[in-house]
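These notes concern the structure reproduced below.
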Amino acid sequence: MDKVNVYFDCDSVLVDSIQTICTLYELDTGIYVDPNTVTRWDFQDVFTEWTANDVEKAFSSLDFWDYTLVNDGFEEMLEKLSKDDRFNLIMVSNGSRRNMRNKEKFIEDNLPYFDMYLNPTFPKKDGEVKFLSDAKKHVNMHGDCFIDDCVKNLKMSNALLKLCYADRGSGKEWNECDDSFKYVECTSTEDIIREIQTFYELVYS
């Protein structure tokens, strides 16, 4: 039986990172920000007291994971997929080394269904470690499935099935529609699992 790798992004897919950052911001500044009003990845459209660098530090802090919640439906969906012999589940995410260590620990404790964790942000090339903001495009996903909330990441990927976990109509810049390539918008875990299963039946059965 052919097995398909299913790659899941973490932030704003598996977990509600926007809510977490807004919570940390309120704890630090006393200013409440509605997560639904965030439209920029660096939060500079809504944060008046934090810079983009402050946001990056918050992502790498241990406090981040104390306030992070798994998105609705993902635990049940991943458990179901993990029992399906047709799929390997892989988390692929960008982040600092500290962020990724904490992220993997959180996922292992709360979503223990992944076969592998990938952090392509700091690949070694010619003996040197490089930082790649577009790191996910360097992961070979040929013939596989990729779920991300960032349309740009999907566009750069060579995955065969590309699913955008989108908050349609929210105005988030990373969710903005791009008609220049083929991908499928999903707004629920039911959408995701249906697309993955249908994809396998059409391509590999």
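Residue 150 in my numbering sits at position 150 of the sequence shown; the count goes up by one each step and never skips.
C-beta atoms are modelled at their ideal positions from N, C-alpha and C, and glycine is treated no differently.
Segment limits, beta strand (DSSP E) that includes residue i
{"i": "residue 148", "result": "145-148"}
Same chain, Cβ closer than 6 angstroms to residue i, neighbours up to 5 away in sequence not counted
{"i": "residue 181", "result": "155"}
{"i": "residue 11", "result": "17"}
{"i": "residue 19", "result": "35"}
{"i": "residue 41", "result": "174"}
Cut-off 8 angstroms between Cβ atoms - residues of its own chain near residue i, not counting five sequence neighbours on either side
{"i": "residue 80", "result": "193"}
{"i": "residue 171", "result": "39"}
{"i": "residue 25", "result": "31, 33, 43, 47, 49, 50 and 58"}
{"i": "residue 141", "result": "5, 7, 157, 158, 159 and 160"}
{"i": "residue 110", "result": "70 and 75"}
Under 9 angstroms between C-beta atoms of residue i and residue j
{"i": "residue 87", "j": "residue 162", "result": "no"}
{"i": "residue 69", "j": "residue 113", "result": "no"}
{"i": "residue 164", "j": "residue 148", "result": "yes"}
{"i": "residue 119", "j": "residue 60", "result": "no"}
{"i": "residue 103", "j": "residue 95", "result": "yes"}
{"i": "residue 92", "j": "residue 139", "result": "yes"}
{"i": "residue 9", "j": "residue 136", "result": "yes"}
{"i": "residue 179", "j": "residue 185", "result": "no"}
{"i": "residue 188", "j": "residue 73", "result": "yes"}
Residue i (DSSP reduced to helix, strand or coil)
{"i": "residue 52", "result": "helix"}
{"i": "residue 127", "result": "Unreliable positioning characterises residue 127 in this predicted model, as indicated by a pLDDT of 46, which lies under 50. A coordinate reading is not provided."}
{"i": "residue 186", "result": "strand"}
{"i": "residue 203", "result": "helix"}
{"i": "residue 151", "result": "helix"}
{"i": "residue 160", "result": "coil"}
{"i": "residue 24", "result": "helix"}
{"i": "residue 62", "result": "helix"}
{"i": "residue 140", "result": "coil"}
{"i": "residue 176", "result": "coil"}
{"i": "residue 191", "result": "helix"}
{"i": "residue 207", "result": "With the chain represented from 1 up to 205, any question about residue 207 goes unanswered, as that position is not in the structure."}
Beta-bridge pairing of residue i - partner residues as DSSP gives them
{"i": "residue 7", "result": "90 and 146"}
{"i": "residue 117", "result": "91"}
{"i": "residue 165", "result": "186"}
{"i": "residue 70", "result": "15"}
Span of the alpha helix (DSSP H), counted from its first residue to its last, around residue i
{"i": "residue 78", "result": "74-82"}
{"i": "residue 113", "result": "Premise fails: residue 113 is in no alpha helix (DSSP H) and is neither H nor E."}
{"i": "residue 41", "result": "Premise fails: residue 41 is in no alpha helix (DSSP H) and is neither H nor E."}
Residues near residue i by beta carbon distance below 7 angstroms, same chain, minus five either side
{"i": "residue 15", "result": "68, 69, 70 and 71"}
{"i": "residue 21", "result": "43, 55 and 58"}
{"i": "residue 200", "result": "4 and 86"}
{"i": "residue 167", "result": "175"}
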